[in-house]
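One structure is given here, and the rest of the page talks about it.
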Amino acid sequence: MHPSFRELIRVLKGLALALAGIAAAGCSSNNNYQSGYGVVWVTVTAEPGAFANYFVNLDSITLKDNKGNTYSALGTVEPVDFARLGNVAELWGSATVPDDTYVSATVTLDYTNASIAVVQGGVPQKANVVGTGGAAVKTVSFTVTLDPNNPLVITPSYATSNAALLALDLDLPASNSINTATSPATVTVNPFMTAAIAPADTKLIRVRGPLINSSVNLGTYTIYERPFYDEASNIGSLTLFGGANTLYTINGQNYTGLPGLTQLSQTSAGTTLTAAYTSFEPTATPTGSAGKFNTVYVIAGSSLESFYTQNLTGTVIARSGNTLTVRGGTLWGSTQSFPTGYAEPLYTDAQVLVGPGTTVTADDSTLTGLNYNSISVGQKIDAIGTYTLSSANVVTLDASSPTAGDVRLLSTQAFGQLLSGAAGSASVTLQDLAGWPASVFNFAGSGVTTAQDTSAANYRINTGATDLSGTAAGTPLWAYGLVNGFGGAPPDFNATTVNGESAVPASLRVTWSGTGTTAPFAGVSSGGFTVDLTNPSLASAVIMVGPETVDLHSLGASPQIVPTSAAVTSTFAPDFALGNATSGISQFSSFASFVTALNTDLSSTNQAVSLEARGLYDRATNTFTADTVNLVL
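My numbering numbers the first residue of the sequence shown as 20 and each following residue consecutively.
Given below as structure tokens:
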């Protein structure tokens, strides 16, 4: 057993309190159902920040109604790596609570056995985790007051066709301060989470669990919902809706639409694990956020990591023959091999062995004919195989077996400055690949010939239908897709999407030193504000666009931060919040309401400590359009 498995995660098999079971055709049934109760779905996501991993226990959530009554909603303890939730949300569970209007949610996180890593010098390093004041941190509970104009309204029903959605979002940049001057680095935690009846993003929602049954005629399948990597907790059941364009990867084979659902229906109920990446579709019900989950792509069977396999996720930084060197790995343990189960983040490079017997697929893709040579340097992977630990504490996962070896290629991001562009191709000076600096990669063997091996100084991208012939050299570019096969370059990267700076999700991050400041902004109004760059308490102010860092001081002026013009709908709600874990966090969907609260709450005893805003940055107008603004006081 890997020595730190026992010290990482407490596997608590808590029961869900007042949880809903769910029946077929998108409806949930609850054995404890009583008249006057309704169903709420709870999803969890995060803004990842500068962390290689961020494992803490998500303990519970309670809801408070407008009459002051509190009700336990979910109490199933789940170890969660919030750093992995930057591009996806996870369905935590469904709870049955009295039909009522709920105005706040109290969430409990347990940091007792937290494992948090920051990246230093291109290497993940486990940090020392402390609370405010430097004391050891254990369980932290905090209350989020929902937008008064958009409370959580539960109507009587035990059907998910009349359920409500509650979206939780942990803001890691706003929740943590990192001191890299200590050895190891010190992370001071003060959690900042928001809660709303709809998310402030368009992330897909992952819904995971073993298959119960399927209906090819209805285009649905039903699972027992088990979030994250839970093995046994029964958090209810949920029916998922497929479509003609749903992509399926089942036991190493790709399908689209009805053939995929048909294949899934022929697998073993109860033992076939599934993970669906879904969109949320509102339905015409009394609750505006009620709806169903539609599948975009589904992974099932032997293609999916589970408690009954041994798995390694990470990024390939080098390949020698059939041995992959993987950095930033997380080892997911089989319960048969590791009694404590769950996950072990790795702080040293691991090895994955592949071969002709390895089954290789690509997530959210129709690609076929993939094999072990489709895995090259820079690719993010999720591998299944047989785990060993050497006497030198090097983790090796043998994924070469034709019966137990599987590698999934995950969507990967490349970032660099354009050297030259044409119709269908581009060359960039590579700065970052899969979240790691270009300097950590050894590209030897990636090219058809040695002379054609990948070079960060001239990284060649197949841009598909995107024509960059009119784009100026030096323009920052982000490409999303898959690294080309090993020994197949050029091109080095096959992009499905290529974006310029103004189209890439950005994060504006500001910190003030000491106890903070009472004058963080200039020109605050319902139309927006700017950060006062002359404030003597200002410690740092940057815009992060993917891996690109833009110092606000390097711009001609402090950018104007304006709220999104998008209205609140049943699938989207702007998120403007302020407060802290001690005194509480207040969330608003109206920026004007946020400004009113800011003017009321900001004082000499309640100063601004940090700001994190999410949205899009337009350098041409020096405007940051924010879907989310989180101000820590």
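Even glycine gets a Cβ: it sits at the ideal position worked out from N, Cα and C.
For the pair T377 and K399, the CB atoms are not nearer than the 7 Å cut-off.
Nearest C-alpha to G340 among T164, S321, V373: V373.
Selection T380, L331, P421 evaluated against G348 yields L331 as nearest (Cα-Cα).
Taking 8 Å as the upper bound for CB-CB distance, V447 and G435 are in contact here, some 3 Å apart. DSSP lists S526, T647 as the beta-bridge partner residues of R633.
Taking the CA atoms as reference points, D129 sits about 9 Å from V96. The shortest CA-to-CA distance from A136 to any of Y121, T205, L165 is the one to T205. Within the stretch 190-272, complete beta strand (DSSP E) segments of at least 3 residues are found at 195-198, 205-208, 212-215, 223-234, 239-243, 256-260, 266-269, given in chain order. Residue nearest to V523 within the set G464, A645, P98 is A645 (criterion: CA-CA distance). DSSP, reduced to helix, strand and coil, places T281 within a helical segment of the structure shown.
Here DSSP, grouped into helix, strand and coil, assigns N106 to coil. Around R346, the same chain offers G333, T334, I336, D368, W455, V459 as residues with beta carbons nearer than 7 Å, after the five sequence neighbours per side are excluded. In terms of Cβ geometry, V651 and F211 form a close pair [threshold 7 Å]. Distance between N554 and A124, taken at the CA atoms: about 35 Å.
As a beta-bridge residue in DSSP terms, D594 pairs with T647.
With a 10 Å radius around the Cβ and a threshold of 16 neighbouring Cβ atoms, D570 comes out exposed. Annotated three-state conformation of A585 is coil, per DSSP. Here the stretch 547-566 makes no contact with the stretch 267-284; the two share fewer than three CB pairs at distances below 8 Å. If you draw a straight line from the Cα of S419 to the Cα of N392, it comes to about 12 Å.
Spanning the alpha carbons of A288 and A294 requires a straight line of approximately 14 Å.
In this structure, A133 lies away from V116, with their beta-carbon atoms at least 7 Å apart. Close CB contacts of A71 within its chain, under the 6 Å cut and outside five residues either way in sequence, are with A136, V138, P143, G347 (chain order).
Contact fails between the stretch 463-472 and the stretch 531-540, because fewer than three Cβ pairs, one in each stretch, are under 8 Å apart.
Residue pairing of S605 in beta bridges, as defined by DSSP: T164, L597.
For L552, there is no enclosing alpha helix (DSSP H), as DSSP marks it with neither H nor E. When DSSP states are grouped into helix, strand and coil, S325 belongs to the coil group. Within its own chain, the residues whose Cβ lies closer than 6 Å to the Cβ of Y90, once the five positions on either side in sequence are excluded, are L82, V116, listed in chain order. Looking at F512, L428, T344, the one whose alpha-carbon comes closest to that of L416 is T344.
The stretch 207-227 makes contact with the stretch 144-161, as at least three CB pairs between them are under 8 Å. Within the same chain, N554, S556, L557, Q626, A627 come within 8 Å of T536 by CB-CB distance, once the 5 residues on both sides are set aside. For S544, the enclosing beta strand (DSSP E) covers residues 540-544. Annotation: the continuous alpha helix (DSSP H) that includes A616 extends over 610-620. Residue nearest to N169 within the set N313, S629, D594, T640 is D594 (criterion: CA-CA distance).
In the DSSP assignment, N481 falls within the unbroken beta strand (DSSP E) covering 478-486. Remark: three or more beta-carbon pairs, one from each stretch, lie closer than 8 Å, so the stretch 157-165 and the stretch 597-607 are flagged as touching. Under the three-pair Cβ rule at 8 Å, the stretch 215-222 does not count as touching the stretch 272-285.
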